[in-house]
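Visitor: Using our numbering, the letters of the sequence shown correspond one by one to residues 92 to 846.
Every residue gets a Cβ at the ideal spot worked out from N, C-alpha and C, and that includes glycine.
My questions all concern the structure below.
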Amino acid sequence: MDGFKLSLLSFLPFVFVLAIAVEATGDEIGTFIVHVQPQESHVAATADDRKEWYKTFLPEDGRLVHAYHHVASGFAARLTRQELDVVSAMPGFVSAVPDQTHTLQTTHTPQFLGLSAPPPPQGKRWSSSSHGGSGAGAGVIVGVIDTGVFPDHPSFSDAGMPPPPAKWKGHCDFNGGSVCNNKLIGARTFIANATNSSSSYGERLPPVDDVGHGTHTASTAAGAAVPGAHVLGQGLGVAAGIAPHAHVAVYKVCPNESCAISDILAGVDAAIADGCDVISISIGGPSVPFHENPVAVGTFGAMEKGVFVSMAAGNAGPNVSSVINDAPWMLTVAASTMDRSIRTTVRLGNGLYFDGESLYQPNDSPSTFYPLVYAGASGKPSAEFCGNGSLDGFDVRGKIVVCEFGGGPNITRIIKGAVVQSAGGAGMILPNHFPEGYTTLAEAHVLPASHVDYVAGLAIKAYINSTANPVAQILPRGTVLGTTPAPAMAFFSSRGPSVQNPGILKPDITGPGVNVLAAWPFQVGPSSAQVYPGPTFNIISGTSMSTPHLSGVAAFIKSRHPHWSPAAIKSAIMTTADITDRSGNPILDEQRAPANFFATGAGHVNPEKAADPGLVYDIAPCDYVGYLCGLYTSQEVSVIARRPVNCSAVAAIPEHQLNYPSISVKFPRAWNSSEPVLVRRTAKNVGEVPSEYYAAVDMLDTTVTVRVFPRTLRFTGVNQEKDFTVVVWPGQGGARVVQGAVRWVSETHTPYNNG
């Protein structure tokens, strides 16, 4: 579709997220990210010169943690608060923020996205001009900022892969460097304390993935095709990344689920210097102003270098304004479901059936009726969540136990099953609470289990309370394809509007992020599970999983259009997105109600359409500076831009006037309803010439009036630009939030969305 989504906002409630940081006080040493800008007498000609200049700010050698060159004008260093005060008085100092930790935001999907293609014949290479999954990403380098990689996995085989582009400058930190190849072309470690004590000073430990997360995300974005992939016998098929012909470089910045921002910034800095075209970051922390967010600052630098950055929207949904990684120069990715279920079915003694999910489906799953008991009946506080010790003294031996979803970060869903098993239980039913709705997760439980939706949970608990001797079965059903509705939004996917910039619609897009199968370093499941030969995979969920899907899509587009800017690629992804599911109905949320744009962003990604959008809405780096000057002071903008900026000499660009592929307009309560808001956009033709586009407006709420001027755009050249204006009258007495779509329609680019 050639158009953009239009979201109109009136008064909106906000939920503010507070960041908690441990700062150095007095003589305690802590890590700070320090932003500095050179005076005329300290212009650094090389990276080494810049590093030496950074050291002049520090009280002694050994305090410098990372020297940044592309992502910030500054460095990370270990300082006391008193020492930082001294540094802040030195010429060239701009600002400093304490280092914090961000967290990980934790197959079938290429086919679901319309990128179905077989692997190349043995000994052959994919054609760079191939469509769909076969040649997707040819010549493009995807950098993955994560927990490292398991390099021996066949998802990183370089069979049929050409050497990396000549621009590649990275290297391989695995011993000897021979582990890397033409697929996995680079792997580096940037964890400040991950040095080998037995080696020479400064040598980093190899970027081995001890968590699994980085291996999973890297293979999702650009993994090679691996036939026979499955997890515990489920999801059997060919596992392949979205851009299987792209090269992969992995930057280990997380030793576990927590990742220091200073290390993340170092990884992004290296990815830019090494020559990555796309950077994928499935990590996030609380939303803060961009000048206080080193990752936002760093990704601004990546954008200026022409590098596309895809980031997770966060897993704090369905809370309003929970979206993170919300700067307009990054693609903010939400998570939705696929049309696949790893099904286990609960059968009650009254004859009712309820479908749920679980990866672990042993042959000895309870196929006969077992007594059914509710964990909360034990009488202990919070026993319904099946935390450690909660079932002590409660007779669950030989019974199926109902354990409530949630209970805190220390009571994972796998732990619940382990508690039931240790108490002698035969199986577990895991019902959702209302916020989780219909989203269910397939996980490697330690015993027969079924994660069921909220409605099913109510019925199961009602049955328990209705009879003196409730019984149930858990029936293994295996992998079921073609489930509906699909896609649907996941409950955990963070929602807009953005706290930092409500005038920019966030998240931007949604992609598959529920029950995603991809490479994994080690076996999953209980020790009693059947051990399958061959490579290991895992099925996990989160915006961590949807993000590399979009990174792969960006690589797919970049390989088709190597000279497109990051903003043009983002525009192509957003303006061609689907707002209907596979059945042609509106995409639903976790409650099976139509999802709004604060959940879906522009819609669900459609890669093939995104590669041929017809029109794009481009943004130059200087336009972002004008936008930032509308939000912040000159000094704050200077931190982000990494150079002195005088906002009084810059034309400020209001949020809704940034040439973004979506529009958000906020009307104050006292707004005069007869006074319209004029929103200007510039469309660039990247399709056929000559071409003619006609404006179409879709607004379901008639209290808002939208007009487009001119009604027709005529293009006679490629990359020719045309301006148009969207005029919005808010009306009176309408809904607090109204959404719709403006579409530009041509003979060759028929709109997919009917918004």
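Restricting to Cα atoms, I'd like to know which of Phe688, Asp703, Leu722 and Asp709 is closest to Ser755.
Guide: Your numbering for residue 755 matches position 664 in the sequence shown. A check of alpha carbon separations from Ser755 across Phe688, Asp703, Leu722 and Asp709 identifies Phe688 as the nearest.
Visitor: Alpha carbons only, please: which of Phe806, Val607 and Thr796 is nearest the one belonging to Leu327?
Guide: As a first step, residue 327 is located in the sequence shown; it is residue number 236 there, counting from the start. Ranking the options by Cα distance to Leu327, first place goes to Val607.
Visitor: Inspect the CB distances between the segment 573-586 and the segment 294-308 and report whether three or more fall short of 8 angstroms.
Guide: no
Visitor: Give the single residue among Ile236, Arg673, Val817 and Gly480 whose Cα lies nearest to the Cα of Ser349.
Guide: Against the sequence shown, residue 349 aligns to sequence position 258. It is Ile236.
Visitor: Give me the Cα-Cα distance between Gly853 and Ser632, rounded to the nearest whole angstrom.
Guide: The structure shown does not extend to residue 853, since the chain is modelled only from 92 through 846, so no value can be given for it.
Visitor: For Lys258, count the other beta carbons within 10 Å of its own beta carbon; 16 or more makes it buried, fewer makes it exposed. Which is it?
Guide: The residue labelled residue 258 in the question sits at position 167 within the sequence shown. Classified as exposed, Lys258 has fewer than 16 neighbouring CB atoms from the shown chains inside 10 Å of its CB.
Visitor: Are the segment 690-702 and the segment 762-778 touching by the rule of at least three beta carbon pairs closer than 8 angstroms?
Guide: no
Visitor: Where does Met402 fall in DSSP's three states?
Guide: In the sequence shown, residue 402 corresponds to position 311, counting from 1. Of the three classes helix, strand and coil, the one that applies to Met402 here is strand, per DSSP.
Visitor: Just the C-alpha distance for Arg834 and Ala787, rounded to the nearest angstrom, thanks.
Guide: Numbered from 1 along the sequence shown, position 743 holds the residue referred to as residue 834. Numbered from 1 along the sequence shown, position 696 holds the residue referred to as residue 787. Looking at the two C-alpha atoms, the distance is approximately 5 angstroms.
Visitor: Residue range of the beta strand (DSSP E) that Phe184 falls in?
Guide: Position 93 of the sequence shown, counted from the first residue, corresponds to residue 184. Taken as a continuous stretch (DSSP letters only), the beta strand (DSSP E) holding Phe184 covers Phe184 to Pro189.
Visitor: Would the segment 308-315 count as touching the segment 330-345 if we require 3 or more Cβ pairs under 8 angstroms?
Guide: Flag = yes, the segment 308-315 and the segment 330-345 touch.
Visitor: Counting only runs that start and end within the segment 491-541, where is the alpha helix (DSSP H) found for 4 or more residues in a row?
Guide: 504-513
Visitor: Does the beta carbon of Leu641 fall short of 7 angstroms from some heavy atom of the ligand NAP?
Guide: In terms of ligand content, the structure shown is empty, and the ligand NAP therefore cannot be addressed.
Visitor: To the nearest angstrom, how far is the alpha carbon of Val770 from that of Val818?
Guide: The count along the sequence shown starts at 1 and reaches residue 770 at position 679. The count along the sequence shown starts at 1 and reaches residue 818 at position 727. Using only the alpha carbons, I get a separation of about 6 angstroms.
Visitor: Here's the rule I'm using: 16 or more other beta-carbon atoms within 10 Å means buried, otherwise exposed. How should Asn486 be labelled?
Guide: As a working note, residue 486 is residue 395 in the sequence shown. Before going further, note that residue 486 is Asp rather than Asn in the sequence given. Exposed, by the Cβ-count rule.
Visitor: Does any residue of chain C have a CB that is nearer than 8 angstroms to the CB of Lys775?
Guide: Absent from the structure: chain C. Only one protein chain is present.
Visitor: Per DSSP, which one or two residues make a beta bridge with Val562?
Guide: As a first step, residue 562 must be located in the sequence shown, where it is residue number 471. Answer by DSSP bridge pairing, in chain order: Pro462.
Visitor: Leu719 by DSSP, collapsed to three states: which one?
Guide: The count along the sequence shown starts at 1 and reaches residue 719 at position 628. DSSP places Leu719 in helix when its eight states are reduced to three.
Visitor: Assuming Met519 contacts Ala533 under a Cβ cut-off of 8 angstroms, what Cβ separation, rounded to an integer in Å, is found between them?
Guide: As a position in the sequence shown, residue 519 is number 428, starting the count at 1. As a position in the sequence shown, residue 533 is number 442, starting the count at 1. Met519 to Ala533, Cβ: 14 angstroms. No contact.
Visitor: Mind listing, in chain order, the continuous beta strand (DSSP E) runs of no fewer than 3 residues lying wholly within the segment 600-630?
Guide: 600-603 and 607-610
Visitor: If we ignore side chains and look at the alpha-carbon of each, how far apart do Asn284 and Glu174 end up?
Guide: Residue 284 sits at position 193 when you count from the first residue of the sequence shown. Residue 174 sits at position 83 when you count from the first residue of the sequence shown. Approximately 21 angstroms, taken between the alpha carbons.
Visitor: What is the rounded straight-line gap between the Cα of Gln726 and the Cα of Gly717?
Guide: For this step, residue 726 is matched to residue 635 along the sequence shown. For this step, residue 717 is matched to residue 626 along the sequence shown. Near 14 angstroms, if we compare the C-alpha coordinates of Gly717 and Gln726.
Visitor: The alpha helix (DSSP H) spanning Glu395 covers which residue range?
Guide: Numbered from its first residue, the sequence shown carries residue 395 at position 304. First-last of the alpha helix (DSSP H) with Glu395: Pro385 to Glu395.
Visitor: Can you give, in chain order, each stretch of the beta strand (DSSP E) that sits fully within the segment 743-782 and has at least 3 residues?
Guide: Listed in chain order, they are 753-757 and 768-776.
Visitor: Here's the rule: buried if 16 or more other CB atoms are within 10 angstroms of the residue's CB, otherwise exposed. What is Asn629?
Guide: For the purposes of this step, residue 629 is identified with residue 538 of the sequence shown, where counting begins at 1. Its Cβ being crowded by 16 or more others within 10 Å, Asn629 is buried.
Visitor: Nearest by alpha-carbon distance to Arg568: which of Pro453, Ala426 and Val424 is it?
Guide: By 1-based counting over the sequence shown, the position of residue 568 is 477. For the residues Pro453, Ala426 and Val424, the minimum Cα distance to Arg568 belongs to Pro453.
Visitor: In this structure, how does DSSP classify Ser373 when only helix, strand and coil are distinguished?
Guide: Within the sequence shown, the letter at position 282 stands for residue 373. Coil, per DSSP.
Visitor: On a CA-only basis, which of Ser642, Arg586, Pro752 and Asp709 is nearest Asp680? Give me that one, please.
Guide: Numbered from 1 along the sequence shown, position 589 holds the residue referred to as residue 680. Checked all of Ser642, Arg586, Pro752 and Asp709; the closest Cα to Asp680 is Arg586.
Visitor: According to DSSP, Ile232 sits in a beta bridge with which residue or residues?
Guide: The count along the sequence shown starts at 1 and reaches residue 232 at position 141. The partner list for Ile232 (beta bridge, DSSP) reads His338.
Visitor: Between Pro752 and Gly692, what straight-line distance do the alpha-carbon atoms span, to the nearest angstrom?
Guide: Within the sequence shown, the letter at position 661 stands for residue 752. Within the sequence shown, the letter at position 601 stands for residue 692. Between Pro752 and Gly692, the C-alpha separation is close to 11 angstroms.
Visitor: With a threshold of 8 angstroms on Cβ separation, who are the neighbours of Thr459 within its own chain once the five nearest residues in sequence on each side are excluded?
Guide: To locate residue 459, count along the sequence shown from 1; it is residue 368. For Thr459, where only same-chain residues beyond five positions count, the Cβ hits under 8 angstroms are Gln564.
Visitor: Starting from the C-beta of Val615, find all residues in its chain whose C-beta is less than 6 angstroms away, skip the five residues before and the five after it, and write them out in chain order.
Guide: Here residue 615 refers to the residue found at position 524 of the sequence shown. Answer for Val615: Ala535 and Asn629, listed in chain order.
Visitor: Taking the straight line between their C-alpha atoms, what separation do you get for Gly465 and Ser481?
Guide: For the purposes of this step, residue 465 is identified with residue 374 of the sequence shown, where counting begins at 1. For the purposes of this step, residue 481 is identified with residue 390 of the sequence shown, where counting begins at 1. A quick correction: the sequence has Tyr, not Gly, at residue 465. Going by the C-alpha atoms only, they are around 12 angstroms apart.
Visitor: Give the straight-line distance between the Cα atoms of Val414 and Gly405, rounded to the nearest whole angstrom.
Guide: Locating residue 414 in the sequence shown gives position 323, counting from the first residue. Locating residue 405 in the sequence shown gives position 314, counting from the first residue. Cα to Cα, the separation comes out at about 6 angstroms.
Visitor: Quick one: grab the DSSP three-state call for Glu348.
Guide: Position 257 of the sequence shown, counting from 1, holds the residue named residue 348. Three-state result, Glu348: coil.
Visitor: Keeping to the same chain, check which residues put their C-beta closer than 6 angstroms to that of Ala112; ignore five residues upstream and five downstream.
Guide: Residue mapping note: residue 112 aligns to position 21 of the sequence shown, counting from 1. For Ala112, the predicted structure reports a pLDDT of 33, less than 50, and the residue's modelled location is therefore unreliable. A value from the coordinates is still provided. The residues are Pro189 and Gln191.
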